[in-house]
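Chemist: If you read the sequence shown in the working numbering, its first letter stands for residue -11, the second for the next number, and so on. From the three backbone atoms N, C-alpha and C, an ideal C-beta is built for every residue, glycine too.
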Amino acid sequence: CISAGTQTFDIGVGQELRDADLGNPVRAQKTINVIADTYDYVQGVMLDTFLSAVRLTCRNTHRHCASRAAAGDCESEDDDDYLEEETEAYNRMHFECGPACGSCDLLYNEELAASCRIDQAADVFAKGDLGGMF
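(1) Sort Leu95, Glu4, Cys62 by Cα distance to Tyr78 and report the nearest one.
(2) Are the CB atoms of Cys53 and Leu95 nearer to each other than 8 Å?
(3) Assign Asn12 to one of three DSSP states: helix, strand, or coil.
(4) With H, G and I counted as helix, E and B as strand and the rest as coil, what does DSSP make of Cys89?
(5) Between which two residues does the alpha helix (DSSP H) holding Ala41 run?
(6) Using the beta-carbon count (16 or more within 10 Å), is Gly11 buried or exposed?
(7) Would you identify the three-state DSSP class for Gly0, choosing helix, strand or coil?
(8) What's the C-alpha gap between Ile23 and Ala41?
(9) With a threshold of 8 Å on Cβ separation, who are the neighbours of Gln3 within its own chain once the five nearest residues in sequence on each side are excluded?
(10) Can you check whether the CB of Leu39 is closer than 8 Å to the CB of Cys92?
(11) Within the same chain, show all residues whose beta-carbon is closer than 8 Å to that of Arg80, passing over the 5 residues directly before and after it, in chain order.
(12) Can you tell me whether Gln8 is buried or exposed, with buried defined as 16 or more other CB within 10 angstroms of its CB?
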């Protein structure tokens, strides 16, 4: 969880170092830096009213998101030799590790956001509906 002022936001599972990173202080420090950057990034996302529809879906869903982000897995290659498997891994990282990759805003979908907005003027209950439920 990350605290933003008086609000706390769940950003997914706790982060751990990958086996390949254990005993390597440089990799460990890079992972710690990603976690610190995630804290700063998420505060902005979670408090941005434009991205309110993203708050419920942007999570680190894997325990190694920060380690993988620190290893560069959130970055794409812009050359022709970038393999399809690597592209799929890159896309998966942004979807499954949005906070660590700093990509929650990529999950924003205007159509979905519009469908989730509450119409304050609409009366969803007819007279007597609530009484009939109990």
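Modeler: Looking at the atomic coordinates:
(1) Cys62
(2) no
(3) coil
(4) helix
(5) No alpha helix (DSSP H) holds Ala41; DSSP gives it neither H nor E.
(6) exposed
(7) strand
(8) 23 Å
(9) Thr19, Ile23, Asn48, Arg51, His52, Cys53, Ala54, Ser55, Ala88
(10) yes
(11) none
(12) The sequence given here has Ala at residue 8, not Gln. Per the 10 Å Cβ criterion, exposed.
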